[in-house]
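Residue numbers (the UniProt record's numbering): 1 to 1000.
A short write-up of the structure that comes next.
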Amino acid sequence: MNSTRLLLWVLLFVSVGALQAQQSITGTVEDEEGTPLIGASILVEGTSTGTVTDIDGQFTLSLPAEAQALVVSYTGFSTGTVPLTGAPNYVITLTENAATLNEVVVTGYGTQTRRRLTTSIASVNSEDLAGVPVTDFQNALQGRLPGVTISANSGSLGAQTSIRVRGIGSINSDVQPLYVVDGVIIETDAEGLALGGPGTSPLSNINPNDIESIDVLKDAASAAIYGSRGSNGVVLITTKSGNYNAPAKVAVNQYFGVSEPTAQYDLLSGPEYARYWNQARLAGGDTLGSPQLYADPDSEPDANWIDLVTRTGSVAETNVSVQGGTSDLTYFLGGGYRDEKGWTQGTSLQRYSFRLNLEQRFGDKWTVGLNLNPTRTVNNRQNEDNNVASPQTFASLFYPNLDPYDENGDPRGGILATSIGRTQFAGSPLINYLDQEISLTTNQVIANVNASYKPLENLTLATRFGTQFLSLEDFQRSGVLTTDGFGSGGTGFAQQQEVLNYTWNSTALYNFSVNASEFEVLGGIELFRQSENGFFVGGNTFADDRLATLNSAAEITDGGGERTEANFVGYFTRIGYAYDNRLFVNAVARLDGSSRFGSDNYYGFFPALSAAYDFSTALNTPSVSQLKLRSSYGKTGNAGIGNFASRGLVSFGNDYNAVPGFLLSQLANTELTWETATTFDVAVDFGLFNDKITGTLGYYNKVSSDLLFDVPQPLTAGISSGVLTVNAGELKNTGIEFSLRYSVVNTPDFALSFNVNGATVNNTVTDLIDNNNDGDADDIIVNTNQLIREGEAIGSWYLTEYAGVDRENGDALFVNASGEISSSYQQGDARQIVGNPLPDFSGGFGSNLYYKGIDFSFFFQAALGHQLYLSEGRFYATNLSGVYNQRRDQLNSWRPDNQDTNIPEARLRINGSQHSTRYLSDADFLRLRNVQLGYTIDGLNANGASLRLYVSGQNLLTFTDFEGLDPEASGQDVNDVSSGSLFFSRPQSRLFTFGLNLNL
């Protein structure tokens, strides 16, 4: 009996333990606003026991006996740990991880969270731009966006920046992306006087301190919403704004710095040049009249022209802003001033900027906004790159054995002769900048007013009217002793240009959900009008160099004007679908019309489809917060041609026997239409270990077709230009893109992260026009050194191969058309494709460290697999076959006692500067783009004011085997396929700054 009772008690305790081990709990997982999270993962800590939430965000879970806590995770939210208290029901709130998957990305005519993206969009925010002391915000993006190659074409203040989104997509049309600032399409073409080399960019008028985020639409599915202007990518710039119910915050950002060129050539001194001249004259058997030799080279003057035309540059910038908001109003008010003196003498830039962003709510239905941004930039310049009168060029070429000053200490100019009577160009590097004025004044206003109305909870109607007004005033005045003014009594030139763009769009956005399915439908219309007008006038023969205005010129030598307009209209829609927060589908279509194209093709249709599926929910493991496979396919257009390319045109001012008349100058082509680009994308976005590791790996294939070409016409066509613009040809860009970020640790007192990104680009011309109807595609000769050939990259280098030096006699050797090595130079069939100026790979990597108020960061940019041609080498590295100063390494030229060299013998007047691979240089580089060290003092007052002090370095180190000044330079306009041929392009600045950020 007693044993029976004991057994019953044992069974009772076991049963109770078993019931306790199998306790079941319920709960709800929601975000901070109380919205249920569908598919959230719940795991018992330290076990594999778990479940996911249903469509209402609810779950039921049986707990094992050892359960102490739950681990709850959801894509885009920080993982939470919830202690088990014995309660039967739990309400669990997760916090958004805004820095990763829930990041809001600006898309065309809307926004989207990154976890729901089905397209390829690269983004940076204001934190990425902070502390990078650049004039043009684009320079702060270099190396940070996979698939977006950004290079500064010149070190001149305000110079153009080249942006290539997934390679070059056109041959004769625009290759730059479309820029949209706060919903306003803006003009970005380089402007300025025809002074040689890259011009200036209106984008440099935008204050980087005003920018909140930059989103680059890379694939057709994201850019198709912009239709006929999206084939080169779209750059969406969003400026800063206030927040509702936020106290006023005052920010003061200020920095000061000094700059110097990243590189300069090491040139011969005056005595060295005289000795080298004597050596070359004797070796070449020159028959110049007496005197032919410098009698005493060591006594020759020694002028370092580079030092005379350069200096230590400086920069100072101050930005002040206030932002905040009430329950119905948000505001951002800011102003900035930048004062920069370039390291080239006579150059400076001052920029004044102001910004006002307002948004006002009227009840629950109406919202009205205003964005206003006037700027003024004054750019005092010198002659630009590719111009012999440029300070960089002239100082490198001019005789070093000439005294810069006369016996009175005044700068010398005009025609100067050395002690043996040798002369070169008129002027001198010194007098050119002292007696020359070149200025470009730019006034720009970007503004828009917008309104939205919500007649229903799920329906939003919006409209926006924006404008860009751009006014440019150019002025140039060169004195009688300068290179440009000598022999004409001084010269003057003035130009004024105005651009006025209007953008109006209206959209309707409707979203609704059915069970686990969510729908979003966008429809809209957009009108865009661009008008330009301008004039120029030139004169010479001024009575006195102090007379600066053109009405003082005795002769007006040139003049003209133009007025042009273009109109676009677009109708667009986007339909989005999401299921269970894991499947996402988007369809986009746009119908565009443009006045630029033929009457048979005013309109073009641009569709796209994209989809993504996130497998992380199905995997049900906290170690994988996102594993999204996405793919897209779409079509975009390129409308970057002249306003009258499809029209039949006549030209006036043609006289015959003093009778005025006109000529047919261009044939009409009513079938002319957009260049189009179709792009296929596939990629994986992933987040691991609560987003400690995030990244993307993708592939793209972009085919550009209907390329624009000028087809030569027979003389019997009766047109003066001799060409007809048609659509023909095709090219392809393919590549792989990746980005990876690793957050090693992230606590309030200590944070460390690393990031890396990169992309490959394989550019191939797949189809060219056959003008002579022989069945084979025609090569397009771009210039002496470059061509476009089917099966090769755009602008491939086409050169005779340099084979070194004949050790017996010092002759330069070349590979001829039959493949033999000879001292006889040939072009024609001897030329071969030997590379191209487009990098095969570009990218960057960096790190950010924070510890108890101290922050440190660095970022490197890299470009690999391309070559640049040093046209300048045909002047400074010619073994003195000409009369210009030489680079110091030319002293290692061949001599009977120095036969182991790759530099031919110095021989005066014997051609040693033929176009060949001698002047082609690998341009791979790794550049320390930015490094910063700062310290932040928090809690300066009761309102939480803070002060950050920092030092920063820009372009401090460059690792390269490039033989020129800057492997990043292009030397040409950003739309020129002949880019990469350099003629003394000014290098980038190495900049050291000290700054402060005060937040009140």
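Glycine residues also receive a C-beta, built at the ideal position from the N, C-alpha and C atoms.
Just so we're clear, the structure is a prediction, and the values are computed from it rather than from any experiment.
Three-way DSSP call (helix, strand, coil) for residue 21 in this model: For this step, residue 21 is matched to residue 21 along the sequence shown. Summary for residue 21: the model assigns pLDDT 47, below 50, so the residue's position carries little reliability; its value from the coordinates is reported in the next sentence. Residue 21: helix per DSSP, three-state reduction.
Tell me the DSSP secondary structure of residue 599 in three-state form. Taking the first residue of the sequence shown as 1, we reach residue 599 at position 599. Note: residue 599 maps to coil in three-state DSSP.
Should residue 192 be labelled buried (16 or more other beta-carbon atoms within 10 Å of its own) or exposed? One-based indexing of the sequence shown puts residue 192 at position 192. Because residue 192 carries a pLDDT of 46, less than 50, the predicted location of this residue cannot be relied on, and the following value inherits that uncertainty. Buried, because 16 or more other Cβ atoms sit within 10 Å of the Cβ of residue 192.
Could you spell out the range, first to last residue, of the beta strand (DSSP E) harbouring residue 759? Translated into positions along the sequence shown, residue 759 becomes position 759. Run containing residue 759: 750–760, per the beta strand (DSSP E) assignment.
Per the contact definition of three or more C-beta pairs closer than 8 Å, is the stretch 808–818 in contact with the stretch 696–715? No, they do not touch.
Given this structure, state the Cα-to-Cα distance separating residue 757 from residue 596, to the nearest angstrom. Counting from one through the sequence shown, the residue named residue 757 turns up at place 757. Counting from one through the sequence shown, the residue named residue 596 turns up at place 596. Cα to Cα, the separation comes out at about 38 Å.
Given a cut-off of 8 Å, decide if residue 183 and residue 448 are closer than it, judged by their beta-carbon atoms. As a position in the sequence shown, residue 448 is number 448, starting the count at 1. As a position in the sequence shown, residue 183 is number 183, starting the count at 1. Cβ distance < 8 Å, so residue 448 and residue 183 count as in contact.
DSSP three-state call for residue 309: helix, strand or coil? Numbered from 1 along the sequence shown, position 309 holds the residue referred to as residue 309. Residue state, collapsed to three classes: helix.
What does a CB cutoff of less than 8 Å around residue 778 pick up in its chain, not counting 5 residues either side in sequence? One-based indexing of the sequence shown puts residue 778 at position 778. Cβ within range, chain order: 768, 769, 770, 771, 772.
Counting along the chain, where does the alpha helix (DSSP H) carrying residue 712 start and finish? Residue mapping note: residue 712 aligns to position 712 of the sequence shown, counting from 1. Following the DSSP letters along the chain, one finds residue 712 in no alpha helix (DSSP H) but inside the beta strand (DSSP E) bounded by residues 708–712.
Straight-line CA distance for residue 370 to residue 553? The residue given as residue 370 occupies position 370 in the sequence shown. The residue given as residue 553 occupies position 553 in the sequence shown. Those two C-alpha atoms are separated by around 47 Å.
Using C-beta distances below 6 Å, list every residue in its chain close to residue 439, excluding the 5 sequence neighbours before and after it, in chain order. The residue labelled residue 439 in the question sits at position 439 within the sequence shown. Closer than 6 Å at the Cβ level, and outside the excluded window around residue 439, lie 380, 475.
Can residue 187 and residue 468 be called in contact, C-beta distance under 8 Å? Locating residue 187 in the sequence shown gives position 187, where the first residue counts as 1. Locating residue 468 in the sequence shown gives position 468, where the first residue counts as 1. Going by beta carbons, residue 187 and residue 468 fall inside the 8 Å limit.
Assign residue 398 to buried or exposed, taking buried as 16 or more other Cβ atoms, counted over all protein chains shown, within 10 Å of its Cβ. Reading the sequence shown from its first residue, position 398 is the one you call residue 398. Under this definition residue 398 is a buried residue.
According to the Cβ coordinates, are residue 636 and residue 677 closer than 8 Å? Counting from one through the sequence shown, the residue named residue 636 turns up at place 636. Counting from one through the sequence shown, the residue named residue 677 turns up at place 677. Yes, they are a contact pair.
Opposing strand residues paired with residue 150 [DSSP bridges]: The residue you call residue 150 lines up with position 150 of the sequence shown. DSSP, once it has assigned bridges, lists 163 as partnering residue 150.
Would you mind giving the Cβ-Cβ distance between residue 610 and residue 113, rounded to the nearest angstrom? I have them listed as a contact below 8 Å. By 1-based counting over the sequence shown, the position of residue 610 is 610. By 1-based counting over the sequence shown, the position of residue 113 is 113. Residue 610 to residue 113, Cβ: 15 Å. No contact.
Relative to the alpha-carbon of residue 689, which residue among 78, 42, 613 has its alpha-carbon at the smallest distance? In the sequence shown, counting from the first residue as 1, residue 689 sits at position 689. Selected option, being the one with the closest Cα: 78.
Kindly provide the ranges of any alpha helix (DSSP H) runs that are 4 or more residues long and lie completely inside the stretch 877–901, ordered along the chain. none
Can you give me the start and stop residues for the alpha helix (DSSP H) that residue 279 sits inside? The residue you call residue 279 lines up with position 279 of the sequence shown. Residues 270–284.
Does DSSP put residue 393 in a helix, a strand or coil? Your numbering for residue 393 matches position 393 in the sequence shown. Residue state, collapsed to three classes: helix.
Alpha helix (DSSP H) segment containing residue 136, residue limits: Position 136 of the sequence shown, counted from the first residue, corresponds to residue 136. Element bounds for residue 136: n/a, residue is neither H nor E.
Mapping DSSP to helix, strand and coil, what is residue 231? The residue labelled residue 231 in the question sits at position 231 within the sequence shown. Three-state result, residue 231: coil.
What distance in whole Å lies between the Cβ atoms of residue 519 and residue 528, which are believed to be in contact at a cut-off of 8 Å? For this step, residue 528 is matched to residue 528 along the sequence shown. For this step, residue 519 is matched to residue 519 along the sequence shown. Incorrect: roughly 29 Å between the Cβ atoms, too far for contact.
Decide yes or no for the touch test of the stretch 740–756 against the stretch 837–852: beta carbon pairs closer than 8 Å, at least 3 of them. Enough Cβ pairs lie closer than 8 Å, so yes.
Can you give the Cα-Cα distance for residue 366 and residue 128, rounded to whole angstroms? Mapped onto the sequence shown, residue 366 falls at position 366. Mapped onto the sequence shown, residue 128 falls at position 128. Residue 366 and residue 128: Cα-Cα distance of roughly 34 Å.
Would you call residue 30 buried or exposed, if buried means 16 or more other Cβ atoms sit within 10 Å of its Cβ? On the sequence shown, residue 30 is found 30 positions in, with the first residue counted as 1. Its Cβ being crowded by 16 or more others within 10 Å, residue 30 is buried.
Would you kindly report the start and end of the unbroken alpha helix (DSSP H) that includes residue 126? The residue you call residue 126 lines up with position 126 of the sequence shown. Its alpha helix (DSSP H) spans residues 126–129.
Identify the residues that DSSP records as bridge partners of residue 558: which are they? Walking along the sequence shown from the start, residue 558 turns up at place 558. DSSP output for residue 558 lists 538 as bridge partner(s).
Across which residues does DSSP place residue 765 in a beta bridge pair? Residue 765 sits at position 765 when you count from the first residue of the sequence shown. Paired residue(s): 731.
For residue 54 and residue 323, I'd like the C-alpha separation in whole angstroms. Mapped onto the sequence shown, residue 54 falls at position 54. Mapped onto the sequence shown, residue 323 falls at position 323. If I take the Cα positions, the gap works out to 41 Å.
So, is residue 1006 buried or exposed, given that buried needs 16 or more other C-beta atoms within 10 angstroms? There is simply no residue 1006 to check, as the chain begins at 1 and stops at 1000 in what is shown.
On the three-state DSSP scale, how would you describe residue 566? As a working mapping, residue 566 is identified with position 566 in the sequence shown. If DSSP states are grouped into helix, strand and coil, residue 566 belongs with the strands.
Report yes if the CB atom of residue 879 is closer than 8 Å to the CB atom of residue 839, and no otherwise. The sequence position of residue 879 within the sequence shown is 879, counting from 1. The sequence position of residue 839 within the sequence shown is 839, counting from 1. Not in contact: residue 879 and residue 839 (Cβ atoms no closer than 8 Å).
With C-beta atoms as the reference, is residue 783 less than 8 Å away from residue 173? If you number the sequence shown from 1, residue 783 lands on position 783. If you number the sequence shown from 1, residue 173 lands on position 173. In this structure, residue 173 does not lie closer than 8 Å to residue 783 by Cβ.
Start and end of the beta strand (DSSP E) containing residue 697? As a first step, residue 697 is located in the sequence shown; it is residue number 697 there, counting from the start. That run of the beta strand (DSSP E) goes 693–705.
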